[in-house]
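Student:
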Amino acid sequence: MKTPAFCRINLSVLFEIVILLSYAGLFIWMLLSGRIQSFLHPRMFPLMFFAAAAFALMAFSLLNGLKKTQRRFALLPFVIFAVPIFMACALPAGAVSSSSLSFSGNKLIGLSSRAQKKTASQPETVSTVSSSSAVSLKLNQALVTITSPLGSKVQQILTDNTIEMDGSNIVLWVNELNGNPQKYVGKKIRYTGYVFKSGQGFSGDEFLPGRDMMWCCAADIQVIGVLCRYPKAPSLKENAWVQVSGTLGTTTYQGQTVPVILNSTVVPSAKAKEQYVYPTY
Amino acid sequence: MKTQIDIVTGLLGSGKTHLINRLAAFGAAVSGTVVLQCEQGLTDLQISESVIHTGRKRDETTCQAVKRIIRDSSPKRILIEHSGMEPITSLIEQLQTKELRGCCKIRRIFFLASCKTLPDEYKCFPELFNEQIKQSDVVVLTGTDSCNRQEIHTARAVLSTCNTQAEFYDAQSEKDFRNLLLQHGKPVEKQKRSDSSFWILLFGGLIFCYLIFEALRSFSPSAIQIPDLQTFNTVFLSILFEAFPFILVGVFVSSLIQILIPARVIERALTRNIFLGFTVALFGGLVFPVCDCATVPVAARLMRKGAPTAVAVTFLLAAPLVNPIVIISTLYAFPGYPVVALCRIATGLLVALLAGISFLWGISKDPSRILSGFDAADCDCEACSGAESAKSFWPKTAAVLRHTANEFFEVGIFLIIGAMISAILQVYLPKPVWTNLGGNPLIAVLAMMGAAFILSICSTSDAFIARTFANSIPIASVMAFMVLGPMLDFKNLMLLSGNFKKRFVARLVATICVISFLVLIIMPHLFFR
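These protein sequence lines map, in sequence, to chains A and B. According to my numbering, the first sequence holds residues 1 to 281 in order. According to my numbering, the second sequence holds residues 282 to 810 in order.
Shown next as structure tokens:
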């Protein structure tokens, strides 16, 4: 009795192969179309290529198993694996809306950098909220010293008087300004950001023109920017994109001295080209 | 109407004939049952006259006998008494060829085992038993009235390790046996719809909904805006995609070790002297990067080979933390701040060492009081058993890749669920919870330890989830998540219960929790001021 060439296909193995190839295809599509930028930091992109290749290799290695006999088949695990693929295709990758994140109250890093600096005259009166954001800010500070020489730019600015912040230097500048607010009093500043104010405890005429900063993935996004004083702030719509220009001064926020933009002009602006800014590249 | 085939298999003396007697009697109201005996049992067949009894002809295979019976008498049901010493997979395959598929269908495979002798029999013929038990739908344990609780427990452990999905029955319990007959005894009148068709329908429904959704969206894109859902989607997928490469590397390396490297090297190093043992246990994970999923069976195997309990416990806890892939993923998750990785390793090693040392006392010398009596430490998946015979490069590579794929599907589920829970917590938990959490360090550490236990994410990628907590909880407290996660979580606990006795597991869990809490409220603050 001969076994015929056509054998029953093993469903489990078939689904495994389909899932693996789907993930490989999904990653390649997201990388080539640029959609991946909404999710991950650019330095992760090579790793995604590696993952896609690995999925494809694994799928090929399973091909032989299609002929195996099979008695039981459980579909539920494969449904679970398929869910992320569907979600990636079906739902548009919106920018992470900071107001909808539970953490947004503590995501502000533009302001509390002074918390960890202990001066002899000031006893450390760190409130609970600022200590947590201060500690997470410590990570940012360490990073800035390692990767960023703003050095020559600073000299230039101090001569020319205007700080132009954009997607490529906003992180460095904000950290520099937070670290030395007194140094830049009187200098002009201009940049584009979206209106961020709810739940931050700003006074009525203040808001933060912010950009979203991503550490390694969309889940860890923080808002970065410089506090701006603007009489018509209450009329500004949350999340609207604006260009802000003004003169730097200092003010107090949650017990610390922070830079603030005074005499500001706020005009509506187009959305910034880059969805996210990055502290590292 | 296809002939239904029930196969009853098991070793001599396991009670097959007895079961067949009962099965045949139960269904005797329906005529047209044939019993095909492939093995002459110890008990005599006692069936009614309406049931035909036959055996294999000379030089006839079981499959040929089945074909002959169907051709000659077109029975409604064939009960096959199959010899436990013959492999069963080829029989199943033969019965499922195109030729036979049209006229018969395998309905149930029963595996019988005698409680007293099963563990020893398994040790003698592991592949045979693995294969047969894996293919079975129903597993029946016989002779339990002459066994004590420990032997019953051991036998059940053997069976459930080979096959987690089969239904289990104890033949001595009359109630159990009656249930068995009710569920599986009667030949069904109609071909029942299989269970998986429900899921396929659900799946199809989801696809249908998705298509409708896409159609609506193309008509009026702005109408279908659900910002919170989009945020959740983005957060969830970003955590997942970021973790995938690291999990893949972790699973791949674990498979490499499983297939290519014998554990003898570690075993020898661990058993020589206690100080060397602790050192190897602490740093062995550097050279043998095993995912935390793999350390439990490895630790169990080490203990079985004679490693002191204390040393094995230290290895169990330390290996996932000094895993180079884990270290790299921590560096990636906290870029520019390598002290996070350093703190994680130092704290973790301290906890592992202290926990291990605590097991130098109060531990019985007799390993059977610690380990559940079954050697579950060898991976019995097809990739491994095939790989042993493969000697050359390509087959071994293929085996490693296959094993990687299998392991990926096993652990990937936990990653997806963990990422989903983490994303839900991020997006939907009210703000005050996180603010208050960040405030009190003791509560924060406890909360992070609890989160680490619930989110059973592989140690190669939980640094990314920790990163998302670090936005609002001080890094010193988030360290609790990163140190406890690889040591103890829901998934680990299940693995531990499968390999060790409950008392030992309870002591281990308590030790880990207490020691790690004490270390975690002190040590990270030395690194982060």
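All C-beta atoms, glycine included, are put in the ideal place defined by N, C-alpha and C.
If I'm right that B/T298 touches B/P356 with Cβ under 8 Å, what's the distance once you round it to whole angstroms?
Tutor: Taking the first residue of the second sequence as 1, we reach residue 298 of chain B at position 17. Taking the first residue of the second sequence as 1, we reach residue 356 of chain B at position 75. That pair is no contact at about 19 Å.
Student: Need the endpoints of the beta strand (DSSP E) that B/T290 sits in, please.
Tutor: To locate residue 290 of chain B, count along the second sequence from 1; it is residue 9. It spans T284 to G291 - the beta strand (DSSP E) in which B/T290 sits, taken as one unbroken run.
Student: Any C-beta of chain A within less than 9 Å: which residues of the segment 555–585 of chain B qualify?
Tutor: Correct list: empty, as no residue qualifies.
Student: Opposite B/H334 in the DSSP bridges: which residues?
Tutor: As a working note, residue 334 of chain B is residue 53 in the second sequence. For B/H334, which the question treats as bridged, DSSP gives the partners B/V316.
Student: Does B/R683 get closer than 9 Å to chain A when you measure Cβ to Cβ?
Tutor: Locating residue 683 of chain B in the second sequence gives position 402, where the first residue counts as 1. Yes, because at least one Cβ of chain A sits closer than 9 Å to the Cβ of B/R683.
Student: Out of B/R683, B/C794 and B/S519, state which residue places its alpha-carbon closest to the alpha-carbon of B/L774.
Tutor: Walking along the second sequence from the start, residue 774 of chain B turns up at place 493. Of the candidates B/R683, B/C794 and B/S519, the one whose C-alpha sits nearest the C-alpha of B/L774 is B/C794.
Student: Restricting to Cα atoms, I'd like to know which of B/A704, B/A791, B/E688 and B/L696 is closest to B/M730.
Tutor: Here residue 730 of chain B refers to the residue found at position 449 of the second sequence. The residue with the shortest Cα to Cα distance from B/M730 is B/A791.
Student: Measure the Cβ-Cβ separation of B/L798 and B/V692 and say whether it is below 9 Å.
Tutor: The count along the second sequence starts at 1 and reaches residue 798 of chain B at position 517. The count along the second sequence starts at 1 and reaches residue 692 of chain B at position 411. Leu is not the amino acid found at residue 798 of chain B; the sequence shown has Phe there. Not a contact, by the Cβ cut-off of 9 Å.
Student: Sort B/C384, B/F596 and B/A733 by Cα distance to B/P578 and report the nearest one.
Tutor: Numbered from its first residue, the second sequence carries residue 578 of chain B at position 297. Among B/C384, B/F596 and B/A733, the Cα nearest to that of B/P578 is on B/F596.
Student: Any idea if B/F674 is buried or exposed, counting beta-carbon neighbours within 10 angstroms, 16 or more meaning buried?
Tutor: Working through the second sequence from its first residue, we reach residue 674 of chain B at position 393. Flag for B/F674 reads exposed.
Student: Check this for me: beta carbons of A/L31 and A/F50, under 9 Å apart or not?
Tutor: Stepping through the first sequence from its first residue, residue 31 of chain A is reached at position 31. Stepping through the first sequence from its first residue, residue 50 of chain A is reached at position 50. Against a cut-off of 9 Å, the Cβ pair of A/F50 and A/L31 comes out as no contact.
Student: Kindly list the residues whose CB is nearer than 7 Å to the CB of B/V759, restricted to its own chain and excluding five residues on each side of it in sequence; keep chain order.
Tutor: Within the second sequence, the letter at position 478 stands for residue 759 of chain B. Closer than 7 Å at Cβ, skipping near neighbours: M729, A747, F750 and A751.
Student: Say whether chain B places a C-beta atom closer than 9 Å to the C-beta of A/P77.
Tutor: Here residue 77 of chain A is taken as the residue at index 77 of the first sequence, counted from 1. Taking Cβ atoms only, chain B reaches closer than 9 Å to A/P77, which makes this a yes.
Student: Less than 9 Å separating the beta-carbons of B/C385 and B/Q511?
Tutor: Within the second sequence, the letter at position 104 stands for residue 385 of chain B. Within the second sequence, the letter at position 230 stands for residue 511 of chain B. Cβ distance not < 9 Å, so B/C385 and B/Q511 don't count as in contact.
Student: Tell me A/L361's beta-bridge partners as DSSP assigns them.
Tutor: The requested residue 361 of chain A is not part of the displayed model; chain A covers only 1 to 281.
Student: Is it buried or exposed, B/M282, if we count other Cβ atoms within 10 angstroms and call 16 or more buried?
Tutor: Sequence index remark: in the second sequence, residue 282 of chain B carries index 1 (1-based). Flag for B/M282 reads exposed.
Student: Out of A/A59, A/L63 and A/I28, state which residue places its alpha-carbon closest to the alpha-carbon of A/P46.
Tutor: Taking the first sequence and counting its residues from 1, one reaches residue 46 of chain A at position 46. Comparing Cα positions, the closest option is A/I28.
Student: In chain A, what lies closer than 7 Å to B/I520 by C-beta?
Tutor: The residue labelled residue 520 of chain B in the question sits at position 239 within the second sequence. C217 and A219, listed in chain order.
Student: Could you give the residue range of the beta strand (DSSP E) that holds A/S168?
Tutor: Along the first sequence, one-based indexing puts residue 168 of chain A at 168. First-last for A/S168: undefined, no H or E at that position.
Student: So A/A54 contacts chain B; which residues on that side make the cut at Cβ distance below 7 Å?
Tutor: Here residue 54 of chain A refers to the residue found at position 54 of the first sequence. What A/A54 touches in chain B: L529.
Student: Listing by chain order, which chain B residues have their CB less than 8 Å from the CB of A/E16?
Tutor: For the purposes of this step, residue 16 of chain A is taken as residue 16 along the first sequence, with counting starting at 1. The answer, in chain order, is A686 and F690.
Student: Suppose contacts are defined by Cβ-Cβ distances below 9 Å. Is B/F809 in contact with B/A757 by that definition?
Tutor: Residue numbering aside, residue 809 of chain B sits at position 528 when the second sequence is read from its first letter. Residue numbering aside, residue 757 of chain B sits at position 476 when the second sequence is read from its first letter. Yes, the pair counts as a contact, with Cβ atoms nearer than the cut-off.
Student: With DSSP run on the structure shown, which of helix, strand or coil describes A/E164?
Tutor: Within the first sequence, residue 164 of chain A is the residue found at index 164, counting from 1. Reduced to three states, the DSSP call for A/E164 is strand.
Student: Quick one, which of B/L537, B/K782, B/E402 and B/P722 has its alpha-carbon nearest B/P805's?
Tutor: Here residue 805 of chain B refers to the residue found at position 524 when the second sequence is read from its first residue. The shortest Cα separation from B/P805 among B/L537, B/K782, B/E402 and B/P722 belongs to B/P722.
Student: Tell whether a beta-carbon distance below 9 Å holds between B/T290 and B/I390.
Tutor: On the second sequence, residue 290 of chain B is found 9 positions in, with the first residue counted as 1. On the second sequence, residue 390 of chain B is found 109 positions in, with the first residue counted as 1. Closer than 9 Å, so yes.
Student: Give the straight-line distance between the Cα atoms of B/T425 and A/K67, rounded to the nearest whole angstrom.
Tutor: Translated into the one-based positions of the second sequence, residue 425 of chain B becomes position 144. Translated into the one-based positions of the first sequence, residue 67 of chain A becomes position 67. Spanning the two alpha carbons is a distance of roughly 38 Å.
Student: Give me the chain A residues within the contact set of B/I694, using Cβ-Cβ distance strictly less than 8 Å, ordered along the chain.
Tutor: Indexing the second sequence from 1 puts residue 694 of chain B at position 413. Per Cβ cutoff of 8 Å: P77, I80 and F81.
Student: Would a check of beta-carbon distances place B/I697 closer than 9 Å to chain A?
Tutor: Taking the first residue of the second sequence as 1, we reach residue 697 of chain B at position 416. It does; some Cβ of chain A falls within 9 Å.
Student: Under 9 Å, do B/G766 and B/L801 count as touching if we go by C-beta distance?
Tutor: Counted from its first residue, the second sequence places residue 766 of chain B at position 485. Counted from its first residue, the second sequence places residue 801 of chain B at position 520. The answer is no: Cβ separation not under 9 Å.
Student: Show which residues of chain A have a CB atom less than 7 Å away from the CB atom of B/R748.
Tutor: For the purposes of this step, residue 748 of chain B is taken as residue 467 along the second sequence, with counting starting at 1. Residues of chain A passing the Cβ test: W215, C216 and D220.
Student: Along the chain, where does the beta strand (DSSP E) that runs through A/Y194 open and close?
Tutor: In the first sequence, counting from the first residue as 1, residue 194 of chain A sits at position 194. Run containing A/Y194: K188 to F196, per the beta strand (DSSP E) assignment.
Student: Within the same chain, show all residues whose beta-carbon is closer than 6 Å to that of A/S245, passing over the 5 residues directly before and after it, in chain order.
Tutor: Residue 245 of chain A sits at position 245 when you count from the first residue of the first sequence. The residues are R190 and T265.
Student: At a Cβ threshold of 9 Å, is B/T284 touching chain A?
Tutor: The count along the second sequence starts at 1 and reaches residue 284 of chain B at position 3. Cβ-Cβ to chain A under 9 Å: no for B/T284.
Student: Going along the chain, which residues of its own chain have a beta-carbon closer than 6 Å to the beta-carbon of A/K273, five neighbours each way excluded?
Tutor: Here residue 273 of chain A refers to the residue found at position 273 of the first sequence. Answer for A/K273: no residue qualifies.
Student: Comparing alpha-carbon positions, which option in A/A233, A/V277, A/I19 and A/M44 lies nearest A/S168?
Tutor: By one-based count along the first sequence, residue 168 of chain A stands at place 168. Checked all of A/A233, A/V277, A/I19 and A/M44; the closest Cα to A/S168 is A/V277.
Student: Just to confirm before moving on: does the CB-CB distance between A/L20 and A/F73 stay below 9 Å?
Tutor: Within the first sequence, the letter at position 20 stands for residue 20 of chain A. Within the first sequence, the letter at position 73 stands for residue 73 of chain A. Contact: no.
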